[in-house]
Amino acid sequence: MTNAFEGVETLIFGDGPLGFLALFGAIYAATFAIYLGFGATMTLLMRRYPERRIQPGRRGEKRAWKEIRQSAWSLVATSLCVAVGLTMQAKGWTLVAPLALSWWSVPLMFVVAMIVFDTWFYWGHRAMHLKALYPFHQFHHRSVAPTVWSNDSFTFVDALVMQSFYIWAPIFLPIPPLVLVGHRVFDHFNGMIGHLGHEFAASKLTRAPSPMVCTVYHDIHHEQFRYNFANFFTFWDRVGGTLHPHYDRLVDRWQEAGANPNLAEEAASGTSARKGDRSLEGHSSAYPRESRDERRLGLRSASPNRAGASHDEATVG
Ligand SMILES: [Zn+2]
Ligand SMILES: [Zn+2]
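Residue numbers (numbering that gives the first Met the number 0): 0 to 316.
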């Protein structure tokens, strides 16, 4: 069997259950360190950009400690899935052997992994919104205005189901172990940026005809609950009719304004109570909110997610 990552846990930590535990521990420590380090950095950085806050009326950061505590637990499930997948590959307990690393196998299998993961995530996520499974997913939706800390704020079962991709994908797909690890790291950063609560990526690349998404995409899922279920791409949402009906237009408005378009327009027309950053922070309603320009755009005011709405994110202003 060609295995570019042959016996990784054996080579590094020795064989047997202790070797597996050491591999799992190393993955968990690295993942949690990335979570804390990137989370703290972005939290500090975001204070400079109140005008880019997606839901200016809510303070998702009030839930930060609850989310960090929950993430410390859910990342056990995530790390377990990655450790099991890598061990199965190393032991040859898969239906296909992973491809050797090469100039073509790495990008090809990375893209394949992204597409398969996105498909799994979309349908799995929709299943998690069914009445029978929602109790396992509800915790993630307590964050109505997500912040960088919300990315891993899942129940153990929810994380285990969604991240089981790292167990079953290597059984059926010849993803090199290094690509599997790279995909996990990429998805971790991608997910944290997707929960940033601040928009920086609105551009032609993140709306139709491009399948890519910006931060507003998943923010809408938290705020309005019934739209935007996928992870990397809008493809399945478009096919399944679950993309927010104004997503593409909203991305355009963000790009044009270079900030939250509602706040930018309000600031320009001088309707804010006070000028400058503090007035931007002090907005009283959530995004997308009912306002003159939104009515003009045809954006209906949707009722916020009552099913799992958090009481921690009291509106400000
Ligand atoms: Zn959801
Ligand atoms: Zn989320």
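Beta carbons are placed, not taken as given, at the ideal position from N, Cα and C, and that holds for glycine.
Limits of the unbroken alpha helix (DSSP H) element including L35:
Locating residue 35 in the sequence shown gives position 36, counting from the first residue. Counting along the chain, the alpha helix (DSSP H) containing L35 begins and ends at G15 to M45.
Do you know offhand how far L100's Cα is from P175's?
Start at 1 with the first residue of the sequence shown, and residue 100 comes out as number 101. Start at 1 with the first residue of the sequence shown, and residue 175 comes out as number 176. Going by C-alpha positions, L100 is about 7 angstroms away from P175.
Just list the residues that DSSP pairs H245 with in beta bridges.
Here the question's residue 245 lines up with position 246 in the sequence shown. H245 pairs with nothing; no bridge assigned.
Could you tell me if W92 is buried or exposed, where buried requires 16 or more neighbouring beta carbons within 10 angstroms of its beta carbon?
Within the sequence shown, the letter at position 93 stands for residue 92. With fewer than 16 other Cβ atoms from the protein chains shown falling within 10 Å of its own Cβ, W92 counts as exposed.
S149: CB within 7 angstroms of a non-hydrogen atom of ligand 2
Sequence index remark: in the sequence shown, residue 149 carries index 150 (1-based). The answer is yes for S149.
Helix, strand or coil for R206 per DSSP?
As a working mapping, residue 206 is identified with position 207 in the sequence shown. In this structure, R206 counts as coil in the three-state DSSP scheme.
N150 beta carbon less than 8 angstroms from that of M211:
Translated into positions along the sequence shown, residue 211 becomes position 212. Translated into positions along the sequence shown, residue 150 becomes position 151. It is not a contact, given that the beta carbons lie outside the stated cut-off.
Curious, which full-length alpha helix (DSSP H) runs of at least 4 residues does the region 136 to 192 contain?
The region 136 to 192 contains these whole alpha helix (DSSP H) runs: 155 to 162 and 164 to 171.
Segment limits, alpha helix (DSSP H) that includes W92
For this step, residue 92 is matched to residue 93 along the sequence shown. Where W92 is concerned, there is no enclosing alpha helix (DSSP H), because DSSP gives it neither an H nor an E.
If I follow the unbroken alpha helix (DSSP H) through N261, where does it start and stop?
Numbered from 1 along the sequence shown, position 262 holds the residue referred to as residue 261. N261: member of the alpha helix (DSSP H) spanning P260 to S268, first to last residue.
Identify whether H128 lies in helix, strand or coil by the three-state DSSP scheme.
Here residue 128 refers to the residue found at position 129 of the sequence shown. Assignment of H128 by DSSP, reduced to helix, strand and coil, places it in the coil class.
Inter-residue Cα distance where the pair is P260 and R252:
Counted from its first residue, the sequence shown places residue 260 at position 261. Counted from its first residue, the sequence shown places residue 252 at position 253. Near 6 angstroms, if we compare the C-alpha coordinates of R252 and P260.
In the DSSP assignment, find the unbroken alpha helix (DSSP H) run with E222 in it and report its ends.
In the sequence shown, counting from the first residue as 1, residue 222 sits at position 223. Taken as a continuous stretch (DSSP letters only), the alpha helix (DSSP H) holding E222 covers T214 to Q223.
Could you name the residues, in chain order, whose CB is less than 7 angstroms away from a heavy atom belonging to ligand 1?
Around ligand 1, the residues selected by a Cβ distance under 7 angstroms to any of its heavy atoms are H124, M127, H128, H136, H139, H140, H220 and F228, following chain order.
Would you check if the distance between the CB atom of M127 and the CB atom of Y133 is smaller than 8 angstroms?
Sequence index remark: in the sequence shown, residue 127 carries index 128 (1-based). Sequence index remark: in the sequence shown, residue 133 carries index 134 (1-based). In contact: M127 and Y133 (Cβ atoms closer than 8 angstroms).
Looking at the structure shown, is E312 part of a helix, part of a strand, or coil, going by DSSP?
For the purposes of this step, residue 312 is taken as residue 313 along the sequence shown, with counting starting at 1. Shown here, E312 sits in coil according to DSSP, grouped into three states, outside any helix or strand.
When you compare only the Cα positions, how much space is there between A229 and V83?
In the sequence shown, the residue the question calls residue 229 occupies position 230. In the sequence shown, the residue the question calls residue 83 occupies position 84. Straight across, the Cα-Cα distance linking A229 with V83 is about 25 angstroms.
For L22 and T42, I'd like the C-alpha separation in whole angstroms.
As a first step, residue 22 must be located in the sequence shown, where it is residue number 23. As a first step, residue 42 must be located in the sequence shown, where it is residue number 43. When rounded, the distance between both Cα atoms is 30 angstroms.
For R52, which beta-bridge partners are listed by DSSP?
Within the sequence shown, numbered from 1, the residue matching residue 52 stands at position 53. R52 is bridged by DSSP to H197.
Compare the beta carbon distance of P169 and L177 with 8 angstroms and say whether it is the shorter of the two.
As a working note, residue 169 is residue 170 in the sequence shown. As a working note, residue 177 is residue 178 in the sequence shown. No, the Cβ-Cβ distance between P169 and L177 is not below 8 angstroms.
Taking the continuous alpha helix (DSSP H) assigned at G239, which residues delimit it?
Stepping through the sequence shown from its first residue, residue 239 is reached at position 240. That run of the alpha helix (DSSP H) goes F234 to G239.
Cutoff 8 angstroms: A63 Cβ touching any chain D Cβ
Absent here is chain D; the protein component of the structure consists of one chain.
Would you check whether ligand 2 has a heavy atom nearer than 7 angstroms to the C-beta of P145?
The residue given as residue 145 occupies position 146 in the sequence shown. Because some heavy atom of ligand 2 lies under 7 angstroms away, the Cβ of P145 counts as near it: yes.
Quick check on W148: buried or exposed, where buried means 16 or more other Cβ atoms within 10 Å of its Cβ?
Counting from 1 along the sequence shown, the entry for residue 148 is found at position 149. It counts as buried.
Cβ separation of G59 and A144, assumed to be a contact under 8 angstroms, to the nearest whole Å:
Taking the sequence shown and counting its residues from 1, the one referred to as residue 59 is at position 60. Taking the sequence shown and counting its residues from 1, the one referred to as residue 144 is at position 145. Between A144 and G59 the Cβ distance is about 4 angstroms, and since that is below 8 angstroms, they are a contact.
Cβ-heavy atom distance, H217 to ligand 2, below 7 angstroms
Residue 217 sits at position 218 when you count from the first residue of the sequence shown. Yes, ligand 2 has a heavy atom inside 7 angstroms of this Cβ.
Check this for me: beta carbons of M87 and P173, under 8 angstroms apart or not?
Sequence index remark: in the sequence shown, residue 87 carries index 88 (1-based). Sequence index remark: in the sequence shown, residue 173 carries index 174 (1-based). No, the pair does not count as a contact, with Cβ atoms beyond the cut-off.
Cα-Cα separation, L195 to W167
Numbered from 1 along the sequence shown, position 196 holds the residue referred to as residue 195. Numbered from 1 along the sequence shown, position 168 holds the residue referred to as residue 167. The straight-line gap from Cα to Cα measures roughly 29 angstroms.
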